[in-house]
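A.B. asks: Numbering (this note's numbering), first residue to last: 25 to 352.
We put the CB at the ideal spot given by N, CA and C, even for glycine.
Take this structure first; my questions come after.
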Ligand SMILES: [Zn+2]
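Structure below.
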């Protein structure tokens, strides 16, 4: 099974994989019946999850029912437990929508389908098709943004981050995940490496262009976001980590500062300019960074949420922490 999945990942086009996986993987799940692990997204139980991975196959990773991976289940737990996304249905832009999340979100947004916008470069499952480096949507389009495991693929990731920032409403929040090697201080990238085999060897996947280091969050901050770096798996119990087969990947939760944040934080001279618009946002250093807070020590969800706005000084700006999105 492990070898079949690994071969398919490395040899079949992604669009074909997306079509095939919908019925082939559930079929494989018949051989994994049991109750030892549970998918928090679809609620299915198995003896264990399927193996998954392009280079190194990870055991106990892929849910045969909804195709969730470890990181999807971790993100889902955070969304369900720490945000009001599923209660309020704010306008959500979901880029490169993961099938497991898209199915659920599609159902939850059934009363407001126009508020759930999926987009991808080529996936037939998405409503819109565009390059994330040039998003054909107006400024402030989305109240919430999900964009996971995309930036390591694109040529100009900084441009993509600025585009993501632009289409997020001031005061809006999102989750922008990428594979990050937290043992590495700085991101490694080399545009001269284009051969798929070389990329697999160096970056870990044939279509990856870089390996992010701990400076990943700083790149997001450069684009204007406040960023919370959250070791959310550490906030779950050992039993939850085992039962849901969670990964240790950190969550990167972003927030676009609200206009009121910028005006209050800016010095008087910039304050006047900020009324005129966006320039102030870019020139106000205090406005961009959230504290480099991590929940690595002994985090609880409350601590994590409280830790986010480490340098967000105003009650207004902390009224809607990243983990408590605004009402739609
Ligand atoms: Zn599932």
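(1) Report the rounded CA-to-CA distance for residue 172 versus residue 150, giving the unit in angstroms.
(2) Taking the alpha helix (DSSP H) that residue 184 falls in, what are its first and last residues?
(3) Among the candidates 91, 252 and 176, whose CA atom is the shortest distance from the CA of residue 66?
(4) Taking only runs that begin and end inside the region 119 to 203, name each unbroken beta strand (DSSP E) of 3 or more residues, in chain order.
(5) At a cut-off of 7 Å, is residue 226 close to ligand 1 when judged by its beta-carbon and the heavy atoms of the ligand?
(6) Please check the pair residue 217 and residue 223, which I expect to be a contact at CB under 8 Å, by giving their CB distance rounded to whole angstroms.
(7) Give me the Cα-Cα distance between residue 326 and residue 108, rounded to the nearest whole angstrom.
(8) I believe residue 117 touches residue 165 by the beta-carbon criterion, under 8 Å. Please report the beta-carbon distance rounded to the nearest angstrom.
(9) So the beta strand (DSSP E) residue 226 belongs to, where does it begin and stop?
(10) DSSP puts residue 76 in a beta bridge; with which residues?
(11) Should residue 89 be listed as close to ligand 1, given that the test is whether its C-beta is under 7 Å from any heavy atom?
(12) Return the chain-ordered list of same chain residues with a C-beta closer than 6 Å to the C-beta of residue 236, the five sequence neighbours on each side being excluded.
(13) Between the beta-carbon of residue 97 and the beta-carbon of residue 270, is there less than 8 Å?
(14) Nearest to residue 64 by CA position, among 264, 275 and 278, is which residue?
(15) Would you kindly work out how many angstroms separate the C-alpha atoms of residue 88 and residue 153, rounded to a whole number?
(16) Could you tell me the distance, in whole angstroms, from the CA atom of residue 55 to the CA atom of residue 49?
(17) Contact defined as beta carbons within less than 8 Å: I believe residue 278 pairs with residue 198. What is the distance between those atoms, to the nearest angstrom?
(18) Rounded to whole angstroms, what is the Cα-Cα separation between residue 79 and residue 229?
(19) Which residue marks the beginning of the alpha helix (DSSP H) containing residue 97, and which one marks its end?
(20) With 16 as the cutoff for other CB atoms within 10 Å, does residue 219 come out buried or exposed?
(21) So what does DSSP say about residue 7, is it helix, strand or coil?
(22) Could you compute how far the alpha carbon of residue 344 sits from the alpha carbon of residue 81?
(23) Would you grab the beta carbon distance between residue 195 and residue 282 for me? Rounded to a whole angstrom, and I think it's under 8 Å.
(24) For residue 182, which residues of its own chain have a beta-carbon under 8 Å away from its beta-carbon, when the five flanking residues on both sides are left out?
(25) Just to confirm the assignment, what range does the beta strand (DSSP E) spanning residue 254 have?
(26) Taking a contact to mean a Cβ-Cβ separation below 8 Å, would you say residue 143 touches residue 119 in this structure?
(27) Using the C-alpha atoms, what's the distance from residue 280 back to residue 187?
(28) Within the 8 Å Cβ cut-off, does residue 123 reach chain C?
C.D. replies: In short:
(1) 14 Å
(2) 181 to 191
(3) 91
(4) 140 to 144, 166 to 172 and 192 to 201
(5) no
(6) 6 Å
(7) At residue 326 the pLDDT is 45, less than 50, meaning the model places this residue with poor confidence and gives no usable figure here.
(8) 6 Å
(9) It is not in any beta strand (DSSP E) - residue 226 instead sits in the alpha helix (DSSP H) that spans 220 to 227.
(10) 82
(11) yes
(12) 202, 204 and 211
(13) In this structure, residue 97 lies near residue 270, with their beta-carbon atoms less than 8 Å apart.
(14) 264
(15) Looking at the two C-alpha atoms, the distance is approximately 27 Å.
(16) 11 Å
(17) 5 Å
(18) 7 Å
(19) 94 to 106
(20) Residue 219 is exposed by the Cβ-count criterion.
(21) Lying before the first or after the last residue shown, residue 7 is absent from the chain, which here runs from 25 to 352.
(22) Here residue 344 scores only 40 on pLDDT, less than 50, and its place in the model is too uncertain to base an answer on.
(23) 4 Å
(24) 243, 246 and 247
(25) 250 to 254
(26) yes
(27) 12 Å
(28) Absent here is chain C; the protein component of the structure consists of one chain.
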